[in-house]
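Engineer:
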Amino acid sequence: MTRRTQVAVVGAGPAGLLLAEVLQRQGVESIVVERRDRAYVEARIRAGVLETGTVEMMRRAGAAERLEREGLTHDGIEIAIDGHRRRVDFRGLVGASVTVYGQTEMTKDLGNRRAASGAETLYEALDVSLHDLETKRPRLQFVRDGREDEIEADFIAGCDGFHGACRPSIPAERLGVYERVYPFAWLGIMADCPPPADELIYARHQRGFALCSMRSRSRARHYLQAAPDEDLDQWSADRIWSEIAIRIGDPQGRLLKTAPLIEKSLTPMRSFVCETMRHGRLFLAGDAAHIVPPTGAKGLNLAASDVHYLSQAIVAFYRSGSQAELDAYPARALARVWKAQRFSWWMTTMLHNAGPGEAFQDKIHRAELDYVLGSPAAQTSLAENYVGLPY
Ligand code: APR
Ligand code: PHB
67 MTRRTQVAVV GAGPAGLLLA EVLQRQGVES IVVERRDRAY VEARIRAGVL
117 ETGTVEMMRR AGAAERLERE GLTHDGIEIA IDGHRRRVDF RGLVGASVTV
167 YGQTEMTKDL GNRRAASGAE TLYEALDVSL HDLETKRPRL QFVRDGREDE
217 IEADFIAGCD GFHGACRPSI PAERLGVYER VYPFAWLGIM ADCPPPADEL
267 IYARHQRGFA LCSMRSRSRA RHYLQAAPDE DLDQWSADRI WSEIAIRIGD
317 PQGRLLKTAP LIEKSLTPMR SFVCETMRHG RLFLAGDAAH IVPPTGAKGL
367 NLAASDVHYL SQAIVAFYRS GSQAELDAYP ARALARVWKA QRFSWWMTTM
417 LHNAGPGEAF QDKIHRAELD YVLGSPAAQT SLAENYVGLP Y
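When we follow my numbering, the leftmost residue of the sequence shown carries the number 67, and every step to the right adds one.
#1: Which residue comes first and which comes last in the alpha helix (DSSP H) that contains residue 411?
#2: Return the chain-ordered list of same chain residues with a C-beta closer than 7 Å to the C-beta of residue 169, the five sequence neighbours on each side being excluded.
#3: For residue 364, which of helix, strand or coil comes out of DSSP?
#4: So, residue 225 versus residue 75, is the Cβ gap smaller than 8 Å?
#5: In whole angstroms, what separates the C-alpha of residue 93 from that of residue 110?
#6: How about residue 335 and residue 457: are their beta carbons less than 8 Å apart?
#7: Heavy atom of the ligand PHB less than 7 Å from the Cβ of residue 113, yes or no?
#8: Check whether the Cβ atoms of residue 223 and residue 387 lie closer than 8 Å to each other.
#9: Rounding to the nearest angstrom, what Cα-Cα distance links residue 143 and residue 373 in this structure?
#10: Between the region 116 to 124 and the region 201 to 219, are three or more C-beta pairs nearer than 8 Å?
#11: Could you pull the start and end residues of the alpha helix (DSSP H) that residue 241 belongs to?
#12: Just tell me which of 154, 415, 233 has its CA closest to the CA of residue 450.
#13: Measuring CB to CB, does residue 291 end up less than 8 Å from residue 418?
#14: Using 7 Å as the cut-off, classify the Cβ of residue 262 as near or not near the heavy atoms of the ligand APR, replying yes or no.
#15: Cβ atoms of residue 140 and residue 163: under 8 Å apart, would you say?
#16: Using DSSP with H/G/I as helix, E/B as strand and the rest coil, what is residue 374?
#17: At a threshold of 7 Å, does residue 231 count as lining the ligand APR (C-beta to nearest heavy atom)?
#18: Are the beta-carbon atoms of residue 269 and residue 276 separated by less than 8 Å?
#19: Mapping DSSP to helix, strand and coil, what is residue 434?
#20: Is residue 234 near residue 323, with beta carbons less than 8 Å apart?
#21: Under 8 Å by Cβ, that's how I've got residue 190 and residue 203 pegged, so tell me the actual separation to the nearest angstrom.
#22: Below 7 Å CB to CB, which residues in the same chain sit around residue 345 once its five sequence neighbours on both sides are set aside?
#23: Output the boundary residues of the alpha helix (DSSP H) element that contains residue 310.
#24: Whose C-alpha, out of 426, 347, 427, 352, is nearest the C-alpha of residue 201?
#25: Of the choices 393, 430, 432, 359, whose alpha-carbon is the least far from that of residue 406?
#26: To the nearest angstrom, how far is it from the Cα of residue 327 to the Cα of residue 427?
#27: Run through the DSSP bridge pairs and tell me what residue 269 is partnered with.
#28: Is residue 116 a contact residue of the ligand APR, with contact defined as CB to any heavy atom under 7 Å?
#29: May I ask whether a heavy atom of the ligand APR can be found less than 7 Å away from the beta carbon of residue 366?
#30: Of the choices 314, 444, 307, whose alpha-carbon is the least far from that of residue 150?
#31: Quick one: Cα of residue 465 to Cα of residue 383, how far?
#32: For residue 281, is the classification buried or exposed, using 16 other Cβ atoms within 10 angstroms of its Cβ as the cut-off for buried?
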């Protein structure tokens, strides 16, 4: 049986659900197709620093009620260099702040909104394939509950992440891809204890980068720079806590609270941009089109700005029949993607040790960080990028 809808969305992560619900609120129907089950999608532990624009997009999706109630407003961050911490005051410098709220919570809120609106989200849809992308009737085919199924739509939104099926559906000769893989990874932990400070602490240290973040005031989320092939079995909880304390300038552990780990993982670091964010009636958004190193907390926020531009373009098409905004989508989205890529690359290289044989680079990045921490002008630039450039 072929189902019919206006927009077929592949992927029920933040990008897919946010797009579907923002469109739904503007009268555009969609069906979301997701290969995993809902519990899996909502259990994925991801970053949680939201730009103002992302909070506004959640409002436009009708899913911001818990975020506005439980999200933590942060007016700045602390940056430590060899244990000496200084604060960057976003509110004072650029009159803006960020909201700390787990991305898993955001996905749950969007999932609940979608379930409440009665719109279709087809979980456990396997072997998704895309067809007739260069016609006015593109189609998805997939297998669900052991049966082949199909959706015909006016548009397909590829929101299926870096490892999804949508980007590979674009002919290779049409793909404009840019990539950088970093020579380090993040060893991440989660524990039910308070973070060491009210705001995030980013630390550059001779021993490597560390970040002290949080999901709430009682749930800490911390990261350590590690090798891309780091053996996590060599990292006991005690060793991790001790290393974090050293790198943030708290060697005696007076500030850093500890607790049993509820999660320990290794995340590789890459910058990736697929400039072909459109092929016929297929439009890519979120991680399907770009990946940033997490240092600037931009991944989720770029998904939100893609959704802003793409939803505007789709709504304009249905209201006026004009394709102009659809044609302009890739350039509009990429203008902001590349600025966020630059900021993420800058924060990453400035705060991480570059590794063996890069002594000169390390001296340059140390000097840059030292300059930033002493310059209100440089801190203003950091602040306006961190809180989010305007859409
Ligand atoms: N068919 C259907 N669904 C798929 C397929 C496929 N072939 N491949 C992947 N998916 C689903 C995944 O299971 C996942 O639920 O698409 C979704 C993609 O979600 P994300 O990977 O979270 O990507 P996105 O929604 O773009 O999120 C962007 O949010 O996750 C944070 O910071 C992270 O940068 C990331 C940002
Ligand atoms: C997180 O809380 O997971 C987090 C916060 C800020 C970052 C990256 C990750 O830059």
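Ideal Cβ positions, reconstructed from N, Cα and C, are used throughout, including at glycine.
Computed from a prediction, not measured in an experiment: that's the story for all the values here.
Structural biologist: Judging by the given coordinates:
#1: Looking up residue 411 in the sequence shown gives position 345. Taken as a continuous stretch (DSSP letters only), the alpha helix (DSSP H) holding residue 411 covers 390 to 417.
#2: Within the sequence shown, numbered from 1, the residue matching residue 169 stands at position 103. Taken in chain order, the residues that qualify are 80, 112, 113, 114, 366.
#3: Taking the first residue of the sequence shown as position 1, residue 364 is located at position 298. It is coil, neither helix nor strand.
#4: As a working note, residue 225 is residue 159 in the sequence shown. As a working note, residue 75 is residue 9 in the sequence shown. For the 8 Å CB-CB criterion, residue 225 and residue 75 form a contact.
#5: Within the sequence shown, residue 93 is the residue found at index 27, counting from 1. Within the sequence shown, residue 110 is the residue found at index 44, counting from 1. Looking at the two C-alpha atoms, the distance is approximately 30 Å.
#6: Along the sequence shown, one-based indexing puts residue 335 at 269. Along the sequence shown, one-based indexing puts residue 457 at 391. Cβ atoms of residue 335 and residue 457: not closer than 8 Å.
#7: The residue given as residue 113 occupies position 47 in the sequence shown. Yes.
#8: By one-based count along the sequence shown, residue 223 stands at place 157. By one-based count along the sequence shown, residue 387 stands at place 321. Not closer than 8 Å, so no.
#9: Taking the first residue of the sequence shown as 1, we reach residue 143 at position 77. Taking the first residue of the sequence shown as 1, we reach residue 373 at position 307. If you take the alpha carbons of residue 143 and residue 373, they lie about 27 Å apart.
#10: No, the region 116 to 124 does not touch the region 201 to 219.
#11: The residue given as residue 241 occupies position 175 in the sequence shown. Where residue 241 is concerned, there is no enclosing alpha helix (DSSP H), given that its DSSP letter is neither H nor E.
#12: The sequence position of residue 450 within the sequence shown is 384, counting from 1. Of the candidates 154, 415, 233, the one whose C-alpha sits nearest the C-alpha of residue 450 is 154.
#13: Indexing the sequence shown from 1 puts residue 291 at position 225. Indexing the sequence shown from 1 puts residue 418 at position 352. Yes, they are a contact pair.
#14: Against the sequence shown, residue 262 aligns to sequence position 196. Residue 262 Cβ: outside cutoff for every heavy atom of the ligand APR.
#15: Mapped onto the sequence shown, residue 163 falls at position 97. Mapped onto the sequence shown, residue 140 falls at position 74. Cβ atoms of residue 163 and residue 140: closer than 8 Å.
#16: Mapped onto the sequence shown, residue 374 falls at position 308. Three-state DSSP puts residue 374 in a helix.
#17: As a working mapping, residue 231 is identified with position 165 in the sequence shown. Flag set: Cβ of residue 231 near the ligand APR.
#18: Counted from its first residue, the sequence shown places residue 269 at position 203. Counted from its first residue, the sequence shown places residue 276 at position 210. Contact: yes.
#19: On the sequence shown, position 368 is the one that residue 434 refers to. The answer is helix: DSSP assigns residue 434 an H, G or I state.
#20: What you label residue 234 is simply residue 168 of the sequence shown in a count that begins at 1. What you label residue 323 is simply residue 257 of the sequence shown in a count that begins at 1. No.
#21: Residue mapping note: residue 190 aligns to position 124 of the sequence shown, counting from 1. Residue mapping note: residue 203 aligns to position 137 of the sequence shown, counting from 1. Residue 190 to residue 203, Cβ: 25 Å. No contact.
#22: Taking the first residue of the sequence shown as 1, we reach residue 345 at position 279. The residues are 199, 236, 240.
#23: Your numbering for residue 310 matches position 244 in the sequence shown. Here the alpha helix (DSSP H) through residue 310 covers 303 to 313.
#24: Counting from one through the sequence shown, the residue named residue 201 turns up at place 135. For the residues 426, 347, 427, 352, the minimum Cα distance to residue 201 belongs to 347.
#25: Translated into positions along the sequence shown, residue 406 becomes position 340. Among 393, 430, 432, 359, the Cα nearest to that of residue 406 is on 359.
#26: The count along the sequence shown starts at 1 and reaches residue 327 at position 261. The count along the sequence shown starts at 1 and reaches residue 427 at position 361. The straight-line gap from Cα to Cα measures roughly 34 Å.
#27: By 1-based counting over the sequence shown, the position of residue 269 is 203. DSSP lists 146, 276 as partners of residue 269.
#28: By one-based count along the sequence shown, residue 116 stands at place 50. For the ligand APR, not one heavy atom lies less than 7 Å from the Cβ of residue 116.
#29: The sequence position of residue 366 within the sequence shown is 300, counting from 1. Result yes, Cβ under 7 Å from the ligand APR.
#30: Residue 150 sits at position 84 when you count from the first residue of the sequence shown. Selected option, being the one with the closest Cα: 314.
#31: The structure shown has nothing for residue 465, since the chain only spans 67 to 457.
#32: Residue 281 sits at position 215 when you count from the first residue of the sequence shown. By the neighbour-count rule (16 or more Cβ atoms within 10 Å), residue 281 is buried.
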